[in-house]
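K.L.:
Protein chains in written order, with this note's numbering: chain A, 1173 to 1284; chain B, 3 to 116. Following this message is one structure expressed as structure tokens.
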């Protein structure tokens, strides 16, 4: 059974703070690692799909890094804004397939 | 606006009812998915259709029956459900059928079984 873990479970920060959270996944049989953002009352939105060890991707104030040898990815948000409040989910494919296993998520709340 | 459309948004059904959830995408995506999400839990994969064929069934009880009439449509037929089946049902699609294809989700159907 694949184990995809995220920490922390929840995070409360002030507007302007920078923050980061972690996704841990099995380091063997790596094919890709996905990050999604899920705002309340909306649909989950894909942020990044990472495939290469050492990869770093950026989208505005959000960036992600990947370490496939040790089995973790970090998501960073620089200068958090209230609109960044959401649950951030990582997902790990089971083998070279499109069967995605989701982590439990990190709930981020940004206070104005 | 999401490009994956799910209907209805909310559904309340009794344990003896038969109902269907519908999902539609017009992005030319080749894979479509059903996920189930219970409160404070991550989405759990139920079914995957790749090129209109059922490719993954995660040992889902037969009271859930998926159908893919064409490459744009995905249905989930529900019959004799239990109260514990109450959940948010999410449909998703992806352009490819490989591990690096991002999913595009609909807004979900909130199902309550009474």
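C-beta atoms are modelled at their ideal positions from N, C-alpha and C, and glycine is treated no differently.
Determine, using beta carbons only, whether residue 1148 of chain A and residue 1224 of chain A come nearer to each other than 8 Å.
P.N.:
The question about residue 1148 of chain A has no answer here: the residues shown for chain A are numbered 1173 through 1284.
K.L.:
With a threshold of 16 other CB atoms inside 10 Å of the CB of residue 53 of chain B, please say whether the residue is buried or exposed.
P.N.:
Of the residues assessed, residue 53 of chain B falls on the exposed side of the cut-off, its CB having fewer than 16 other CB atoms within 10 angstroms.
K.L.:
Just to confirm, is the Cβ distance from residue 94 of chain B to residue 105 of chain B under 8 Å?
P.N.:
Going by C-beta atoms, residue 94 of chain B is nearer than 8 Å to residue 105 of chain B.
K.L.:
Alpha carbons only, please: which of B:37, B:116, B:86 is nearest the one belonging to residue 76 of chain B?
P.N.:
B:37
K.L.:
Please give me, in chain order, every unbroken run of the beta strand (DSSP E) with length at least 3 that falls completely inside the region 1199-1255 of chain A.
P.N.:
1205-1210, 1217-1222, 1228-1231, 1234-1239, 1244-1249
K.L.:
Using beta-carbon positions only, say whether residue 1199 of chain A and residue 1222 of chain A come within less than 8 Å of one another.
P.N.:
With contacts defined as CB atoms closer than 8 Å, residue 1199 of chain A and residue 1222 of chain A fail to qualify as a contacting pair.
K.L.:
Should residue 1268 of chain A go down as buried or exposed, given a rule of 16 or more other Cβ atoms within 10 Å for buried?
P.N.:
exposed
K.L.:
For a contact meaning CB atoms closer than 9 Å, what does residue 9 of chain B contact in chain A?
P.N.:
Residues of chain A passing the Cβ test: none, with the nearest at roughly 14 Å.
K.L.:
Excluding the 5 residues flanking residue 1234 of chain A on each side, which residues of the same chain have their C-beta closer than 6 Å to its C-beta?
P.N.:
1249
K.L.:
Along the beta strand (DSSP E) that carries residue 38 of chain B, what are the first and last residues, could you check?
P.N.:
33-39
K.L.:
Which residue wins for smallest C-alpha separation from residue 6 of chain B, given the options B:115, B:107, B:113?
P.N.:
B:107
K.L.:
Would you list, in chain order, the members of the region 89-112 of chain B that have their beta-carbon closer than 9 Å to a beta-carbon of chain A?
P.N.:
Cβ contacts with chain A come from 92, 94, 96, 98, 99, 100, 101, 102, 103, 104, 105, 106, 107, 108, 109, 110.
K.L.:
Cα separation between residue 20 of chain B and residue 1278 of chain A?
P.N.:
36 Å
K.L.:
Would you say residue 33 of chain B reaches chain A, if we count a Cβ-Cβ gap shorter than 8 Å as a contact?
P.N.:
Chain A places a beta carbon closer than 8 Å to that of residue 33 of chain B, counting this residue as a contact.
K.L.:
Could you list which residues in chain B have their beta carbon closer than 8 Å to that of residue 1184 of chain A, in chain order?
P.N.:
Residues of chain B passing the Cβ test: none, with the nearest at roughly 17 Å.
K.L.:
Roughly how many whole angstroms lie between the Cα atoms of residue 25 of chain B and residue 74 of chain B?
P.N.:
8 Å
K.L.:
Just to confirm my understanding: we take residue 1195 of chain A, look at its own chain, exclude 5 residues before and 5 after, and list those with CB closer than 6 Å. What are they?
P.N.:
Closer than 6 Å at Cβ, skipping near neighbours: 1178, 1245, 1262, 1275.
K.L.:
Helix, strand or coil for residue 68 of chain B? Go by DSSP, reduced to three states.
P.N.:
strand
K.L.:
Can we count residue 81 of chain B as close to the ligand FMN, meaning its CB is less than 7 Å from some heavy atom?
P.N.:
This structure lacks the ligand FMN, and indeed carries no ligand of any kind.
K.L.:
On the criterion of 16 or more Cβ atoms from any shown chain inside 10 Å, does residue 34 of chain B qualify as buried, or is it exposed?
P.N.:
buried
K.L.:
Please confirm whether residue 1174 of chain A and residue 1266 of chain A have their CB atoms less than 8 Å apart.
P.N.:
yes
K.L.:
Thinking just about the alpha-carbon of each residue, which of B:30, B:81, B:9, B:83 is nearest to the one in residue 98 of chain B?
P.N.:
B:30
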